[in-house]
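Note sheet for the following structure.
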Amino acid sequence: MKCQVCRGPAVIDVRRHNANFCAEHFCKLVRDQTAKAIEEHEMLAPGDRVLVAVSGGKDSLALWDLLDELGYEADGLYLGLGIGGYSDRSGAAVRAFATRRGLTLHEVDLRADHGYDVPTAAAVTRRSPCSACGLSKRHLFDRAALEGGYDAVATGHNLDDEAAVLFGNTLRWQTEYLARQHPVLPARPGFPRKVKPLVRLGEREMAAYCVLRGIDYIVEECPMAEGNKHLGYKEALNEIEARSPGSKQAFYAGFLARAVDRFADAAPDHAEGGETASCDRCGVPTTSGTCAFCRLVERAAGAQPVALTRKGRPIDA
Amino acid sequence: MKVTLRNPTRELEFPGPKSIVALLQDLDLNRESVLVIRGGTLVPGDALLADDDEVEIRPVISGGAA
Ligand code: SF4
Ligand SMILES: [Zn+2]
Ligand SMILES: [Zn+2]
């Protein structure tokens with residue numbers, strides 16, 4: 007196997023590009039694809055200050071590394087979710103990375119700063135852990151970005167993530183979600199711009215990039231991630247990809263180029279800035295009264311902390 | 411050879427030499443959903459593993475296991 011660019015020994019094959027690469031030229035490919043996504047979707051302007059949502063996993067640490075390499079002023083924000091040993095280990099991975107690279111890391115800890123953790127919030131509100139977690143993340147990342155004067159929040163969603171979400175939304179023709187599935191959401195009053203610069207890169211490429219760049223990410227998964235629908239869609243798409251390399255890219259890129267605008271009518275008003283009130287606790291734009299995050303805090307903070315469970319069974323994390 | 415799998419972490423022994431393709435076939439793993447790592451770097455798909463090699467097979471699908 008020889009590198010497509012320099013003919014030196016290759017370390018990885020990228021079947022959808024029908025090419026093999028050495029470490030140096032593979033890392034260049036990943037950087038170029040990131041820059042291309044940023045440019046084609048007008049995600050960032052040169053010199054933008056970006057807040058990167060870092061979890062300690064491969065995608066978010068690679069994204070932080072890439073934005074820094076591409077010359078953006080990229081700071082990280084890590085949220086301590088209070089998910090047992092998983093949170094301890096992911097936090098340690100993020101801190102070690104930031105220290106090694108001399109990057110600025112902000113941290114918010116749900117338990118220390120807001121009086122709750124994800125397992126407890128899920129239990130008292132009867133939401134799924136991922137729903138309580140997602141709500142917390144959205145609110146706290148938005149708030150940190152606005153308060154810190156950042157131009158955008160960047161997340162590590164990759165091509166496999168976006169293709170799997172698209173597949174799920176298409177299977178059920180969830181037009182409201184299809185209308186909103188853009189790799190960039192513009193800023194609007196009370197909300198920062200949100201960008202996904204890794205949408206041209208697959209999961210295997212992100213993991214390979216981390217290995218070749220010496221990025222020590224946590225391979226273990228959040229124990230609350232149920233073997234969910236999303237994973238089933240990823241596996242189904244990978245079966246198709248194995249037979250016909252490039253299918254995932256064609257599916258997702260084709261949707262953005264030729265389909266997403268057709269669903270514009272289905273976007274709900276509140277996603278377009280139709281919030282008419284401000285939260286009476288924190289002031290964010292909301293549809294009425296108290297925002298969903300403040301209602302969650304109200305119920306979860308002060309509640310007796312619960313042990314980690316999945317589908318009602320205790321788990322050891 | 412010593413083969414480490416992740417999520418959960420476990421170790422298996424295989425006799426070498428063995429190709430990556432054959433190893434992944436034996437483990438019933440899709441080449442697109444894992445990376446093979448030796449000494450901190452990637453092992454290309456056409457490599458032959460020796461009897462005394464130590465490799466890690468790392469899943470790349472979030473939510474997946476190998
Ligand atoms: S799997 Fe669910 S609970 Fe765990 S970090 Fe992701 S969204 Fe949060
Ligand atoms: Zn090369
Ligand atoms: Zn509020």
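Listed in order, the protein sequences are those of chains A and W. Mind the numbering: the first sequence is residues 7 to 323 in this note's numbering, read in order. Mind the numbering: the second sequence is residues 411 to 476 in this note's numbering, read in order. All C-beta atoms in this analysis are idealised placements derived from N, C-alpha and C, irrespective of residue type, glycine included.
Check, Outcome
"Beta-carbon of Glu30 (chain A) versus every beta-carbon of chain W: anything under 7 Å?", "no"
"Rounded to whole angstroms, what is the Cα-Cα separation between Arg55 (chain A) and Val159 (chain A)?", "9 Å"
"What residues from chain A crowd round Asp456 (chain W), counting only those whose CB sits closer than 8 Å?", "Met7"
"I need the straight-line Cα distance from Arg249 (chain A) to Thr296 (chain A), nearest angstrom please.", "50 Å"
"What does a CB cutoff of less than 7 Å around Gln255 (chain A) pick up in its chain, not counting 5 residues either side in sequence?", "Arg22 and Leu165"
"Within the 7 Å Cβ cut-off, does Val24 (chain A) reach chain W?", "The amino acid at residue 24 (chain A) is misidentified as Val; the sequence shows Asn. For Asn24 (chain A), the answer is no, since every Cβ of chain W falls outside 7 Å of its Cβ."
"Using only CA atoms, which one of A:Gly86, A:Val205 and A:Ile246 lies nearest to Phe261 (chain A)?", "A:Val205"
"Compute the minimum distance between the beta carbon of Ala169 (chain A) and the heavy atoms of ligand 1, and state whether it is under 6 Å.", "no"
"If the cut-off is 9 Å on Cβ atoms, which residues from the region 434 to 458 of chain W count as contacting chain A, listed in chain order?", "Asn440, Arg441, Glu442, Ser443, Val444, Leu445, Ile447, Gly450, Thr451, Leu452, Val453, Pro454, Gly455, Asp456 and Ala457"
"Taking the alpha-carbon of Glu421 (chain W) as reference, which of W:Asp438, W:Ile471 and W:Met411 has the nearest alpha-carbon?", "W:Met411"
"Spell out whether any CB of chain W is found under 7 Å from the CB atom of Asn175 (chain A).", "no"
"At what residue ranges does the region 43 to 122 of chain A contain a whole run of the alpha helix (DSSP H), taking only runs of 4 or more?", "64 to 75, 90 to 107 and 116 to 120"
"Kindly indicate which three-state DSSP category Glu211 (chain A) falls into: helix, strand or coil?", "helix"
"Quick check on DSSP: helix, strand or coil for Phe269 (chain A)?", "helix"
"Where does Arg149 (chain A) fall in DSSP's three states?", "helix"
"Taking Cβ-Cβ distances shorter than 7 Å, what residues in chain A pair up with Val470 (chain W)?", "Glu209, Arg210 and Ala213"
"Given a threshold of 16 other Cβ atoms within 10 Å of its Cβ, counted over all protein chains shown, does Thr40 (chain A) qualify as buried or as exposed?", "buried"
"To the nearest angstrom, how far is it from the Cα of Ala127 (chain A) to the Cα of Glu168 (chain A)?", "27 Å"
"Less than 7 Å between C-beta atoms, sequence neighbours within five positions excluded: which residues of the same chain meet that for Arg13 (chain A)?", "none"
"Helix, strand or coil for Lys200 (chain A)? Go by DSSP, reduced to three states.", "strand"
"Looking at C-beta atoms only, is the number of pairs between the region 90 to 102 of chain A and the region 218 to 229 of chain A that lie closer than 8 Å three or more?", "yes"
"Taking three-plus beta-carbon pairs below 8 Å as touching, is the region 237 to 245 of chain A in contact with the region 147 to 157 of chain A?", "no"
"Throw me the rounded Cβ distance for the Val408 (chain W) and Val413 (chain W) pair, which I believe falls under 8 Å.", "Residue 408 (chain W) lies beyond the stretch modelled for chain W, which goes from 411 to 476, so this question has no answer here."
"Comparing the CB of Ala59 (chain A) with every heavy atom of ligand 1, is any distance shorter than 6 Å?", "no"
"Please state whether the Cβ-Cβ distance between Ile471 (chain W) and Ser429 (chain W) is less than 7 Å.", "no"
"Could you name the residues of the same chain whose beta carbon sits closer than 8 Å to that of Asn24 (chain A), not counting the 5 residues immediately before and after it, in chain order?", "Pro251"
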